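Keeping their order, the protein sequence lines are chains B and R.
In this note's numbering, each residue's number is its place in the first sequence (first place is 1) plus 3.
In this note's numbering, each residue's number is its place in the second sequence (first place is 1) plus 255.
The next block holds one structure in the form of structure tokens; read it before the comments.
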Amino acid sequence: MQELPPIPPQTPEIPLNQVVAGPPKKTSPLSEILARVKERFSAIFGRLTFISPTAKKILLVVLAFIVIGSLVAVFVPLIKKLMLKPEEKTPAVETSQLTLTTRKPSRYATDEVVLKFESEVSTLEGNLNSLEVKESDLNPPPLNWDVNFEE
Amino acid sequence: MRLLPVATLFSFVIGLLFASPAFSQEEKLTYERSYQDYTYNYDIYRRANSEYESYRLQYIQYKTLTAQENAREATVRMLQARDEVSKTYLTALRTRLSETGGIQDDKRGPLNSQIDASVLWFADHKDKIPSAGSLEDLVKDSDEASEYYKQKEYMLYDTLVTISIGKIAFIREKQDTTLGEIKTKVSEIRANGDKDTAVLERWILDTENRLTRSREKELEALELMPKLKGNQDKINLGVYEDILFKLSESHQYLKDANSYMKEIINEIKFED
């Protein structure tokens, strides 16, 4: 019997329209974390034999809601804050300044008499602000009027 | 030799010229000066009183002749210092009263006379203290001064209130004058037909109203004056504080009136 010649190693030929499974896809770290969490939870829930499967499901849903709710509560305001542009501070405008900029001066704006009134009122304002009603320095001095040599 | 009388006359005239300002400076006693005098004397009094307290306790404890003599000397010093403080305090009060505007002469005059009489009384009293031979005599001297001070305490507070009222009234008088002039100006503007003066006239009325309220508060303060003298001629300090509160309200109305006047002037300066 003749021995068959050894078959040279051949790379398999792949038809053009055949789909071949490639190298295993790398899972994302998030899905890995989720899978681990899921495993942990199922391990924990597996131990809770005294709870019925329906109750377990309800508990799982409630827990999921709490976790999602708290995440939303933390992140949404943070994102909102980041999205919003810092408000531009509007400079406080005094009403008197506003009047000056929006109204036209009358012919009395430079009138000597009116300017004199202005100066008088300004002086009076200073006097009023520095006025102290009580003469604190001149309160009667506390003196010892009770002189005696009795025990 | 002929030049000698001329030179003498010249130097006499020059001397007069230089001497006159120095003389007038010495003559005028200001509030600042009299207040300094008062605080200086009060410091002397405090030390004298503390010495008196110490020698008094020694005398009460040991009753020796030495302790008695020490106590007598310390009491003389204290009583004299007390009279001096009273005198300088009254002088400071008088100068303050004189320098404050807005006080009616019929109020200022009698107060000045009363203060002057009190200054003289304390000066006389101070002079007679050393003649006291014993501790009993000194106690009598002290009681005499105490009684006199008690009688005059109302006058002190009356003066203080008068000064406070004067300060407010002085500014109000000026505000009244300025407001009167503003009123005249507004009438002139109305006659010229340059501006609608209805708002200005209404604001003037508001300002006048503030000045009237200030006057009313002053009157309310004055109405409290009779209550200042409490039982046994003792001053009721609570009433004094009430008076000051009324006066501070009066002061606030003046501030309002002033800020209204500022707005009126600003309104005049701009077109409708």
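Backbone N, C-alpha and C fix where the C-beta goes; we use that ideal spot for every residue, glycine too.
Given the structure is predicted, the values throughout are model-derived calculations rather than measurements.
Q.
Quick check: what's the CA-CA separation for Arg332/R versus Glu436/R?
A. C-alpha separation (whole angstroms): 59 Å.
Q: For Lys517/R, return the contacting residues in chain B, with the cut-off set at a CB-CB distance below 7 Å.
A: In chain order: Val124.
Q.
Am I right that Thr343/R and Asn296/R are in contact with their C-beta atoms under 8 Å? What's the rounded C-beta distance?
A. So it is a contact: roughly 5 Å between Cβ atoms.
Q. Do Ile299/R and Ala336/R have their CB atoms nearer than 8 Å?
A. At a Cβ-Cβ threshold of 8 Å, Ile299/R and Ala336/R count as neighbours.
Q | For Lys241/R, the three-state DSSP class (helix, strand or coil) | A | No answer is possible for residue 241/R: it lies beyond the span of chain R, which begins at 256 and ends at 527.
Q. Does any CB atom of chain B fall closer than 8 Å to the CB of Ile384/R?
A. Chain B contact via Cβ: absent.
**Q.** Strand pairing of Ile490/R, partner residues [DSSP]
**A.** BP columns for Ile490/R point to Lys484/R.
Q | CB of Tyr495/R within 8 Å of CB of Lys472/R, strictly | A | No, the Cβ-Cβ distance between Tyr495/R and Lys472/R is not below 8 Å.
Q. On the premise that Leu348/R lies in contact with Leu411/R, defined as a C-beta separation below 8 Å, what is that separation, rounded to the nearest angstrom?
A. Between Leu411/R and Leu348/R the beta-carbon gap is near 7 Å, inside 8 Å, which marks them as a contact.
Q) Phe525/R bridges to which residues according to DSSP? A) DSSP, once it has assigned bridges, lists Pro108/B as partnering Phe525/R.
(Q) Quick check on DSSP: helix, strand or coil for Trp148/B? (A) Trp148/B: coil per DSSP, three-state reduction.
(Q) So, with DSSP's three-state summary, where would you put Tyr515/R? (A) Tyr515/R: helix per DSSP, three-state reduction.
Q | Interface positions of the segment 124-140 of chain B facing chain R (Cβ-Cβ less than 7 Å), listed along the chain | A | For chain R, the residues of the segment 124-140 of chain B that bring a beta carbon within less than 7 Å of one of its beta carbons are Val124, Leu127, Glu128, Asn130, Leu131, Leu134, Val136, Lys137, Glu138, Asp140, in chain order.
Q. Got a sec: is the Cβ-Cβ distance from Glu436/R to anything in chain B below 8 Å?
A. So yes, Glu436/R belongs to the interface.
Q: Give the residues of chain B in contact with Leu411/R, contact being defined as C-beta atoms less than 8 Å apart.
A: Against chain B, a Cβ distance below 8 Å from Leu411/R picks out Pro143.
Q. Taking contact to mean at least 3 C-beta pairs separated by less than 8 Å, is the segment 374-384 of chain R in contact with the segment 395-408 of chain R?
A. The segment 374-384 of chain R is in contact with the segment 395-408 of chain R.
Q | Collapsed DSSP secondary structure at Thr285/R in the structure displayed | A | Note: Thr285/R maps to coil in three-state DSSP.
Q. Ala512/R to Lys119/B, Cα distance in whole Å?
A. Take the alpha-carbon of Ala512/R and the one of Lys119/B: they are about 17 Å apart.
Q | Cβ of Arg337/R within 8 Å of any chain B Cβ | A | Chain B, which has a Cβ nearer than 8 Å to the Cβ of Arg337/R, makes this yes.
Q | Contact set for Ala424/R: own chain, Cβ-Cβ below 6 Å, skip 5 residues either direction | A | Only Gly357 meet the Cβ criterion.
Q: Could you tell me which of Leu455/R, Thr417/R, Lys524/R, Ile315/R sits nearest to Glu138/B, measuring between CA atoms?
A: Considering only alpha carbons, the answer is Thr417/R.
Q) Using 8 Å as the Cβ pair cut-off and three pairs as the minimum, do the segment 452-467 of chain R and the segment 484-491 of chain R touch? A) Note that the segment 452-467 of chain R does not touch the segment 484-491 of chain R; fewer than 3 beta-carbon pairs, one per stretch, sit closer than 8 Å.
Q: Could you tell me if Thr288/R is buried or exposed, where buried requires 16 or more neighbouring beta carbons within 10 angstroms of its beta carbon?
A: The sequence given here has Arg at residue 288/R, not Thr. With a threshold of 16 other beta carbon atoms within 10 Å, Arg288/R falls short and is exposed.
Q. So which residues of chain B does Ala347/R contact, with C-beta pairs closer than 9 Å?
A. Residues of chain B passing the Cβ test: Asp140, Leu141.
Q. For the alpha helix (DSSP H) that Gly435/R lies in, which residues bound it at each end?
A. Looking at the DSSP string, the run of the alpha helix (DSSP H) that includes Gly435/R is 390-447.
Q. In angstroms, rounded to a whole number, what distance separates the CA positions of Ser73/B and Val79/B?
A. Computed Cα separation, rounded: 10 Å.
Q) Who are the neighbours of Pro108/B on chain R, taking C-beta pairs under 9 Å? A) What Pro108/B touches in chain R: Lys524, Phe525, Glu526.
Q | Unbroken alpha helix (DSSP H) run spanning Lys83/B, endpoints | A | Element bounds for Lys83/B: 56-86.
**Q.** Proximal chain B residues relative to Asn513/R, where beta-carbon distance stays under 7 Å
**A.** Within 7 Å Cβ-Cβ: Val124, Leu127, Glu128, Leu131.
Q) So, are the CB atoms of Leu141/B and Arg351/R less than 8 Å apart? A) Going by C-beta atoms, Leu141/B is nearer than 8 Å to Arg351/R.
Q) Exposed or buried, what is Lys107/B when buried is set at 16 or more other beta-carbons lying within 10 Å of its beta-carbon? A) Around the CB of Lys107/B, fewer than 16 other CB atoms lie within 10 Å, so the residue is classed as exposed.
Q) For the 8 Å Cβ check, are there 3 or more pairs between the segment 499-506 of chain R and the segment 475-489 of chain R? A) The segment 499-506 of chain R vs the segment 475-489 of chain R: in contact.
Q. Quick one: does Glu121/B have its CB under 8 Å from some CB of chain R?
A. Contact with chain R is found for Glu121/B, since one of that chain's Cβ atoms lies less than 8 Å from the residue's Cβ.
Q.
Quick test of your reading: Lys440/R and Val116/B, contact by CB under 8 Å. State the CB separation rounded to the nearest angstrom.
A. Between Val116/B and Lys440/R the Cβ distance is about 6 Å, and since that is below 8 Å, they are a contact.
Q: Could you pull out every residue in the same chain whose Cβ sits closer than 7 Å to the Cβ of Lys422/R, ignoring the five residues on either side in sequence?
A: The residues are Thr355, Gly357.
(Q) Please list, in chain order, the residues of the segment 46-79 of chain B that have any C-beta partner in chain R closer than 7 Å. (A) Cβ contacts with chain R: none found.
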